[in-house]
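Participant: In the numbering used here, the protein residues as written are 10 to 231. Before I ask anything, here is the structure I am working with.
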């Protein structure tokens, strides 16, 4: 197990754990890798409308018949800052989802502008880092996350992993903001530390030197 919690030279928050999975402890007959269970909190019809909110989008969303939504690929940095998917008003918007330990399945809107977060420590020191901000889907949807959801993978409507949830400011009178670190940065960070990382999780042919990263539906406290 490898932990990292710091601010990188390029100012992204590093707050993650890399865990080696013992494949002998997992039932291969029922194992579903890298997927989010859409559950029953939101009906298939409602969820599809949230994902496919503008008929002008060339991309389509298909609700999985058995509920696990396959996660594959990552959201490119360019698409985070310049999304090509449109919301119901015709404005660029990247709709994302996550299943957290506390709030379960929620849907939100990712900001295309990175936020700067300042942390204050008991010794008087401060550290400023960059984060990807996620807002509630609308005024009626409630907060995107809550305490206990940290570590959850945030996925877009096309099934691409975008980031890992690191924290939030909690509900306020005006808005609720969730903060996350882009997955592309985390993968580069792990590779820079000598780890062989892949998002294609498998239980077959696991070698001792291979590290498989599959933090999609986990919680690391927070």
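No residue lacks a Cβ here, since even glycine has one placed at the ideal position from N, Cα and C. These numbers were taken from a predicted model, which means no experiment stands behind them.
Quick one: give me the first and last residue of the alpha helix (DSSP H) that residue 54 is part of.
Facilitator: Here residue 54 refers to the residue found at position 45 of the chain shown. Here the alpha helix (DSSP H) through residue 54 covers 53-60.
Participant: Residue 166 and residue 70 look like a contact to me (Cβ under 8 Å); what is the Cβ gap, rounded to whole Å?
Facilitator: Sequence index remark: in the chain shown, residue 166 carries index 157 (1-based). Sequence index remark: in the chain shown, residue 70 carries index 61 (1-based). Contact flag correct, Cβ pair sits at about 5 Å.
Participant: Less than 8 Å between the beta carbons of residue 126 and residue 171, yes or no?
Facilitator: Along the chain shown, one-based indexing puts residue 126 at 117. Along the chain shown, one-based indexing puts residue 171 at 162. Going by C-beta atoms, residue 126 is not nearer than 8 Å to residue 171.
Participant: Are residue 317 and residue 168 closer than 8 Å when you measure CB to CB?
Facilitator: Outside the modelled stretch of the chain, which goes from 10 to 231, sits residue 317, for which no answer is possible.
Participant: May I ask which residues mark the beginning and end of the beta strand (DSSP E) holding residue 48?
Facilitator: Along the chain shown, read from residue 1 onward, the residue named residue 48 stands at position 39. Segment: none, residue 48 is in no beta strand (DSSP E) and carries neither H nor E.
Participant: Would you say residue 111 and residue 155 are within 8 Å of each other, going by their C-beta atoms?
Facilitator: Along the chain shown, read from residue 1 onward, the residue named residue 111 stands at position 102. Along the chain shown, read from residue 1 onward, the residue named residue 155 stands at position 146. Cβ atoms of residue 111 and residue 155: closer than 8 Å.
Participant: For the segment 135-154 against the segment 112-125, are there 3 or more C-beta pairs whose distance is under 8 Å?
Facilitator: The answer is yes - the segment 112-125 touches the segment 135-154, with three or more Cβ pairs under 8 Å.
Participant: I need the straight-line Cα distance from residue 52 to residue 209, nearest angstrom please.
Facilitator: Locating residue 52 in the chain shown gives position 43, where the first residue counts as 1. Locating residue 209 in the chain shown gives position 200, where the first residue counts as 1. Computed Cα separation, rounded: 29 Å.
Participant: Taking 6 Å as the limit between beta carbons, can you name the residues of its chain near residue 90, skipping five residues before and five after?
Facilitator: Numbered from its first residue, the chain shown carries residue 90 at position 81. Hits under 6 Å: 121.
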